[in-house]
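Here this note's numbering is used: the first residue of the sequence shown is 285, the next is one more, and so on.
Beta carbons: idealized from backbone N, C-alpha and C, even for Gly.
Below is one structure, written out as structure tokens; the observations come after it.
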Amino acid sequence: MSPVEPERHPAAVPALRELAITIVHDNNPCVDSLKTAWGFSAFVTGPEKTILFDTGSDGALLLENMAKLQIDPGRVDLVVLSHLHGDHTGGVTGLLRENPRVQVFLPGSLPTRFKTAVQGHGATVVEVGEPREICRNVYTTGLLGRRIKEQALILRTERGLVVLTGCAHPGIVRILKEARRQHAESILLVIGGFHLEWMTKGRVGSILAAFQDSGIRYAAPTHCSGDKARQLFRQSYGPGYVDAGVGKTITLAELTV
Ligand SMILES: [Zn+2]
Ligand SMILES: [Zn+2]
285 MSPVEPERHP
295 AAVPALRELA
305 ITIVHDNNPC
315 VDSLKTAWGF
325 SAFVTGPEKT
335 ILFDTGSDGA
345 LLLENMAKLQ
355 IDPGRVDLVV
365 LSHLHGDHTG
375 GVTGLLRENP
385 RVQVFLPGSL
395 PTRFKTAVQG
405 HGATVVEVGE
415 PREICRNVYT
425 TGLLGRRIKE
435 QALILRTERG
445 LVVLTGCAHP
455 GIVRILKEAR
465 RQHAESILLV
475 IGGFHLEWMT
485 KGRVGSILAA
495 FQDSGIRYAA
505 PTHCSGDKAR
515 QLFRQSYGPG
525 YVDAGVGKTI
535 TLAELTV
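So this is what it looks like as structure tokens:
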């Protein structure tokens, strides 16, 4: 394991006591009245700022799902885009048309035309490179990966770290190792795309073993995780498996294993 960096959080900053994550765009179903489409987006409340992590592929569908969940797009303070791919960034225009008063934390590696388009809607662009704080108790891993640069979101709760991943192109195990290296705290929950859809059963098994060796208590694989890997996680994790899909809400209070 990588050496752990010194404690970064002064005792004066208490970790989050409340957190709710609702999946608002996903290719896996959960709540029947909502539409599915390839991509991922999650609405996060609890931190001082309300966050939309990724925007899915389809802005109209994103807004329709949010409306059915009674989530007002005007509540979003910050948008975090994990990586360039359209199934994570495609909905951003739809969101910004409804609410341009947001900061958009995006990979600095994104094309200038993308950043200019975001600014053109009136939003503020914050280019991410290195790991950094986004708001109190919310961090980005910074850009990971060589070919496809991607950031994951880390939320620091009083029960451990919650990690949100987009497509996990840099490798889910690598992302989690990096989260622990940066924060020296255990991981409570990992949620999002784990990018296991195309992997063999053996390879998924070794990733599962890495999850369990590192003491991750809850896993919510969705989006590009694939049915086979979701099934394997369900079998191994038992009550620690969260059946994620569009409309699913996970709160800190529910994570009691
Ligand atoms: Zn991708
Ligand atoms: Zn994806």
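Expected contact under 8 Å - CB spacing of residue i and residue j to nearest Å
i: LYS333; j: ASP361; result: 4 Å
i: GLY378; j: LEU353; result: Not a contact, Cβ separation roughly 15 Å.
i: LEU460; j: THR441; result: At roughly 16 Å, the Cβ-Cβ gap does not stay under 8 Å, so LEU460 and THR441 are not in contact.
i: PRO391; j: LEU427; result: 5 Å
i: ILE307; j: VAL447; result: About 15 Å separates the two Cβ atoms, so there is no contact after all.
i: PRO331; j: LEU300; result: 6 Å
i: GLY375; j: GLY406; result: Actually they do not touch by this definition, with Cβ atoms about 17 Å apart.
i: SER498; j: LEU480; result: Their Cβ separation, rounded to whole angstroms, is 17 Å, which puts SER498 and LEU480 out of contact at 8 Å.
i: LEU303; j: LEU439; result: 6 Å
i: THR424; j: ARG416; result: 6 Å
For residue i, the first and last residue of its enclosing alpha helix (DSSP H)
i: GLU417; result: No alpha helix (DSSP H) contains GLU417, which is instead part of the beta strand (DSSP E) from 416-419.
i: VAL457; result: 456-467
i: ALA513; result: 511-521
i: PHE337; result: Note, PHE337: premise wrong, no alpha helix (DSSP H); beta strand (DSSP E) at 335-337.
i: GLY374; result: From DSSP, GLY374 is part of no alpha helix (DSSP H); its letter is neither H nor E.
i: LEU427; result: No alpha helix (DSSP H) contains LEU427, which DSSP labels as neither H nor E.
Beta strand (DSSP E) segment containing residue i, residue limits
i: ALA407; result: Where ALA407 is concerned, there is no enclosing beta strand (DSSP E), given that its DSSP letter is neither H nor E.
i: ILE305; result: 304-310
i: GLN387; result: 387-391
i: LEU473; result: 471-477
i: VAL446; result: 444-449
Per-residue burial, residue i [other beta carbons within 10 Å of its own, 16 or more giving buried]
i: GLY486; result: exposed
i: GLN496; result: exposed
i: TYR521; result: buried
i: SER470; result: exposed
i: GLY524; result: buried
i: GLU462; result: buried
i: PRO298; result: exposed
i: GLY358; result: exposed
Given 8 Å, three or more beta-carbon pairs between the stretch 431-439 and the stretch 400-411:
No: fewer than three Cβ pairs fall under 8 Å.
Mind the definition here: the stretch 319-331 touches the stretch 510-517 only if three or more C-beta pairs lie below 8 Å; say whether that holds.
Flag = no, the stretch 319-331 and the stretch 510-517 do not touch.
Residues near ligand 3, criterion Cβ-heavy atom distance below 7 Å:
Of the ligands one can find in the structure shown, namely ligand 1 and ligand 2, none is ligand 3.
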